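Have a look at the structure below, then the notes.
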Amino acid sequence: MSAIDQSQSNVGSIGIISTDPEGALPEDSIPLSTKDVYRLRLAQIRSWKSRSESWPIVFGPSFGTLAVSLSSFVINISSRSLFQVYSQTYFWPTLLPTVIFSTAAYWLSFERLIRRPILTQIPTRSGSCDLCLELRGSVIQLICGSVLPSAVSFITCSIAAVTERTYPVPSLGDPKALWFTVKRFGRSMRVSGPLMLLGHAFLGCALTHAMLKTNRLALTKEHQGSGDMIVYPPLSADF
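All you need for the working numbering is the position in the sequence shown, starting with 1, plus 108.
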């Protein structure tokens with residue numbers, strides 16, 4: 109997508125968003141970079157009076173991050189119970205890396221691979237790109253919400269267990285015993301683990317779908333009455 113800003117003084121007036129950068133464009137147009145398109149379109153959506161329609165794009169990443177942080181907290185509690193790390197001394201040293209690393213990875217991945225492409229590309233009528241983005245969002249949510257916090261929590265709690273001598277953590281040179289510990293960790297989450305995987309997979313897909321829908325609303329004639337943005341060529345609202 110390329111965009112041309114015809115009114116730099118007003119953030120709400122993005123001007124023309126064209127699928128054909130080499131086509132005929134108005135005089136005195138200023139081509140924008142992808143970064144500028146993202147910034148201006150996000151500012152436009154945030155300025156909508158119908159706030160509920162803008163929530164998926166404005167608050168979607170924050171909602172996904174909250175879900176990742178909550179599941180990371182639950183996983184850390186389960187891991188601490190397995191390794192019998194009940195001392196308050198190692199509560200924050202095991203919890204903070206699990207939550208911070210997982211949420212930071214999710215926020216950066218979702219921002220770079222989901223929200224930015226949605227706001228800087230015009231959706232196709234076939235919806236094939238939409239499906240790819242929905243699958244991508246599902247995978248990102250699943251990995252950062254379940255797999256990554258499990259791995260980080262396993263490592264931090266095993267280190268705490270070695271320090272406190274609360275659990276016989278096997279040596280890295282004994283892969284068989286180490287694999288047995290990993291399987292025991294998996295069995296300790298045989299109920300909550302699959303539920304988290306399915307929940308995060310669905311949430312990631314649903315968030316991305318809602319963001320795509322919001323983006324389509326922003327690019328249809330339905331929301332062009334205020335003159336905030338003109339789409340070239342105009343998109344119809346029935347696709």
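From the three backbone atoms N, C-alpha and C, an ideal C-beta is built for every residue, glycine too. Quick caveat: nothing in here was measured; it's all calculated off a predicted structure.
Looking from the CA of Leu-243, the closest CA among Ser-141, Ser-180, Leu-315 belongs to Leu-315. When rounded, the separation of the alpha-carbon atoms in Ser-195 and Lys-284 is 28 Å. Here Ser-141 is exposed, its C-beta having fewer than 16 other C-beta atoms within 10 Å.
Val-277 sits away from Ser-261, with the two beta carbons spaced by 7 Å or more. Between Leu-250 and the set Gly-301, Leu-286, Cys-240, Glu-161, the nearest pair of CA atoms involves Gly-301. Within the region 227-271, the runs of alpha helix (DSSP H) at least 4 residues long that lie entirely inside it are, in chain order, 236-250.
Only residues of its own chain outside the window of five on either side were considered, and among them Phe-191, Gln-192, Val-193, Tyr-275, Val-277 have a CB closer than 8 Å to the CB of Ala-269, listed in chain order.
The three-state reading of DSSP puts Pro-201 in helix, counting H, G and I together. Look at the region 175-224 and you find these whole runs of alpha helix (DSSP H), each 4 residues long or longer: 199-218. Shown here for Ala-213: same chain residues with a beta carbon closer than 7 Å to its own, the five before and five after excluded, namely Cys-252, Leu-256 in chain order. In the displayed model, Leu-280 falls within coil according to three-state DSSP, outside both helix and strand.
In this structure, the beta-carbon distance from Met-297 to Ser-254 does not fall below 7 Å. Rounded to whole angstroms, the separation of the alpha carbons of Lys-143 and Ser-258 is 34 Å. Trp-163 sits in a helix when the DSSP states are folded into three classes. With respect to Cys-313, Ser-217 sits apart: the two C-beta atoms are not nearer than 7 Å. Assignment of Thr-274 by DSSP, reduced to helix, strand and coil, places it in the coil class. With a beta-carbon spacing of about 5 Å, Val-176 and Thr-211 fall inside the 8 Å limit used to define contacts. Taking the C-beta atoms as reference points, Pro-164 is found no nearer than 7 Å to Thr-328. In chain order, Pro-164, Gly-168 place their CB closer than 7 Å to the CB of Ala-318, counting only its own chain and leaving out the 5 sequence neighbours on each side.
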